[in-house]
Amino acid sequence: MQIRSILLPTDFSECGNYALSYATSLARTFGSSIICVHVIETMVPTVGYSGMTEPLPIADITEQLEDSAERELPRLAECDECAGLEVEELIVHGEAASEIVRVAKEREVDLVVISSHGRTGLGRILFGSTAEAVVRHASSPVLVVKPPQVEEAT
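For the sequence shown, this note's numbering begins at -17 and goes up steadily by one.
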(Lines of atoms letter the chains of each structure in order from A and count residues from 1; the text may use other names and numbers.)
(Lines give C-alpha, C1' and ligand atoms only; values in the text may rest on other atoms or scores of the structure.)
Protein backbone atom coordinates (compact mmCIF):
# COMPACT_ATOMS: atom_id res chain seq x y z
CA MET A 1 0.00 0.00 0.00
CA GLN A 2 1.30 3.43 -0.96
CA ILE A 3 -0.03 6.69 0.37
CA ARG A 4 1.59 9.38 -1.74
CA SER A 5 -0.94 12.12 -1.08
CA ILE A 6 -3.41 12.85 1.69
CA LEU A 7 -6.36 15.21 1.43
CA LEU A 8 -7.08 17.00 4.70
CA PRO A 9 -10.33 18.97 4.67
CA THR A 10 -10.41 21.58 7.43
CA ASP A 11 -12.87 24.03 8.90
CA PHE A 12 -10.23 25.25 11.39
CA SER A 13 -12.19 23.75 14.31
CA GLU A 14 -10.68 22.04 17.33
CA CYS A 15 -12.04 18.71 16.06
CA GLY A 16 -10.25 19.34 12.79
CA ASN A 17 -6.96 19.59 14.69
CA TYR A 18 -7.27 15.92 15.63
CA ALA A 19 -7.57 15.02 11.95
CA LEU A 20 -4.46 17.16 11.31
CA SER A 21 -2.52 15.07 13.84
CA TYR A 22 -3.47 11.85 12.07
CA ALA A 23 -2.72 13.27 8.63
CA THR A 24 0.73 14.54 9.60
CA SER A 25 1.60 11.28 11.37
CA LEU A 26 0.59 9.26 8.30
CA ALA A 27 2.43 11.67 6.00
CA ARG A 28 5.64 11.17 7.98
CA THR A 29 5.22 7.40 8.03
CA PHE A 30 4.56 7.07 4.29
CA GLY A 31 6.48 10.09 2.97
CA SER A 32 3.21 11.61 1.75
CA SER A 33 2.31 15.12 0.75
CA ILE A 34 -0.76 16.77 2.26
CA ILE A 35 -3.35 18.84 0.42
CA CYS A 36 -5.10 20.95 3.04
CA VAL A 37 -8.45 22.10 1.66
CA HIS A 38 -10.96 24.55 3.09
CA VAL A 39 -14.41 24.75 1.51
CA ILE A 40 -16.30 28.03 1.59
CA GLU A 41 -19.94 27.04 1.39
CA THR A 42 -21.97 28.80 -1.27
CA MET A 43 -24.36 31.19 0.43
CA VAL A 44 -27.93 31.74 -0.69
CA PRO A 45 -30.24 34.60 0.31
CA THR A 46 -32.76 33.78 3.02
CA VAL A 47 -36.45 34.49 2.75
CA GLY A 48 -37.98 36.46 5.62
CA TYR A 49 -41.46 36.22 7.11
CA SER A 50 -42.83 38.54 4.47
CA GLY A 51 -41.76 36.16 1.74
CA MET A 52 -39.30 38.74 0.51
CA THR A 53 -35.61 38.05 0.23
CA GLU A 54 -33.77 39.48 3.22
CA PRO A 55 -31.08 41.99 2.26
CA LEU A 56 -27.98 40.06 3.31
CA PRO A 57 -24.61 41.29 2.14
CA ILE A 58 -23.70 37.84 0.80
CA ALA A 59 -20.76 39.14 -1.22
CA ASP A 60 -19.40 40.80 1.93
CA ILE A 61 -19.83 37.65 4.00
CA THR A 62 -18.17 35.50 1.33
CA GLU A 63 -15.29 37.96 1.12
CA GLN A 64 -14.85 37.83 4.90
CA LEU A 65 -14.84 34.03 4.80
CA GLU A 66 -12.23 34.08 2.04
CA ASP A 67 -10.06 36.56 3.98
CA SER A 68 -10.31 34.40 7.08
CA ALA A 69 -9.42 31.23 5.16
CA GLU A 70 -6.48 32.99 3.49
CA ARG A 71 -5.16 33.84 6.97
CA GLU A 72 -5.89 30.53 8.69
CA LEU A 73 -4.83 28.04 6.00
CA PRO A 74 -1.16 29.16 5.93
CA ARG A 75 -1.08 29.06 9.74
CA LEU A 76 -2.28 25.49 9.62
CA ALA A 77 0.16 24.50 6.88
CA GLU A 78 3.06 26.08 8.78
CA CYS A 79 2.21 24.64 12.20
CA ASP A 80 4.77 22.62 14.16
CA GLU A 81 3.09 19.32 13.25
CA CYS A 82 3.52 20.12 9.54
CA ALA A 83 7.21 21.07 9.82
CA GLY A 84 9.24 19.32 7.14
CA LEU A 85 6.19 18.06 5.24
CA GLU A 86 5.04 19.10 1.79
CA VAL A 87 1.71 20.85 2.41
CA GLU A 88 -0.37 22.46 -0.31
CA GLU A 89 -3.10 24.95 0.63
CA LEU A 90 -6.35 25.01 -1.33
CA ILE A 91 -9.52 27.08 -0.95
CA VAL A 92 -12.59 26.05 -2.95
CA HIS A 93 -16.21 27.19 -3.09
CA GLY A 94 -19.32 25.02 -3.03
CA GLU A 95 -21.03 22.39 -0.93
CA ALA A 96 -18.45 20.91 1.46
CA ALA A 97 -18.86 17.18 0.85
CA SER A 98 -19.19 17.53 -2.93
CA GLU A 99 -16.10 19.71 -3.15
CA ILE A 100 -14.03 17.41 -0.94
CA VAL A 101 -15.01 14.41 -3.09
CA ARG A 102 -14.30 16.38 -6.29
CA VAL A 103 -10.86 17.52 -5.13
CA ALA A 104 -9.97 14.01 -3.94
CA LYS A 105 -10.85 12.59 -7.35
CA GLU A 106 -9.21 15.35 -9.42
CA ARG A 107 -6.00 15.19 -7.41
CA GLU A 108 -6.08 11.38 -7.27
CA VAL A 109 -5.34 11.38 -3.55
CA ASP A 110 -4.62 8.09 -1.86
CA LEU A 111 -6.39 8.92 1.40
CA VAL A 112 -8.82 11.49 2.79
CA VAL A 113 -8.43 12.26 6.51
CA ILE A 114 -11.51 14.07 7.82
CA SER A 115 -12.85 15.01 11.23
CA SER A 116 -16.09 13.36 12.29
CA HIS A 117 -17.46 16.68 13.51
CA GLY A 118 -16.89 20.27 12.54
CA ARG A 119 -17.78 23.74 13.64
CA THR A 120 -21.52 23.22 13.88
CA GLY A 121 -21.31 20.91 16.87
CA LEU A 122 -24.52 19.20 15.83
CA GLY A 123 -23.22 15.71 16.53
CA ARG A 124 -24.95 13.15 14.34
CA ILE A 125 -26.35 15.82 12.05
CA LEU A 126 -22.90 17.03 11.03
CA PHE A 127 -21.42 13.57 10.71
CA GLY A 128 -24.54 12.63 8.82
CA SER A 129 -23.83 15.36 6.33
CA THR A 130 -20.22 16.16 5.49
CA ALA A 131 -18.11 13.28 6.80
CA GLU A 132 -20.67 10.60 5.97
CA ALA A 133 -21.24 11.97 2.47
CA VAL A 134 -17.49 11.96 1.85
CA VAL A 135 -17.26 8.35 3.08
CA ARG A 136 -20.13 7.34 0.78
CA HIS A 137 -18.98 9.14 -2.36
CA ALA A 138 -15.18 9.39 -2.32
CA SER A 139 -13.34 7.06 -4.65
CA SER A 140 -10.35 6.88 -2.31
CA PRO A 141 -10.24 5.50 1.24
CA VAL A 142 -11.45 7.85 3.98
CA LEU A 143 -10.18 7.93 7.55
CA VAL A 144 -12.74 9.57 9.84
CA VAL A 145 -11.12 10.93 13.00
CA LYS A 146 -13.19 11.31 16.15
CA PRO A 147 -11.96 13.70 18.83
CA PRO A 148 -11.21 12.11 22.20
CA GLN A 149 -14.17 11.77 24.54
CA VAL A 150 -14.21 14.35 27.29
CA GLU A 151 -15.68 13.02 30.50
CA GLU A 152 -18.07 15.40 32.19
CA ALA A 153 -17.46 16.26 35.83
CA THR A 154 -20.24 15.16 38.16
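Idealized CB from N, CA, C, for every residue including glycine.
Only a predicted model underlies this, so the values are computations on that prediction, with no experimental measurement involved.
- The criterion of a C-beta distance shorter than 8 Å is satisfied by L93 and P123.
- In the displayed model, E48 falls within a helix according to three-state DSSP.
- Looking at the DSSP output, S7 shares a beta bridge with no other residue.
- If you check the CB distance, I17 and L(-10) come in under 8 Å.
- The beta carbon of A51 lies closer than 6 Å to those of H20 and I73 in the same chain, with the five residues before and after it left out.
- CA-to-CA, the gap between T112 and S80 works out to about 9 Å.
- Bounds of the beta strand (DSSP E) holding E70 are V69 to H75.
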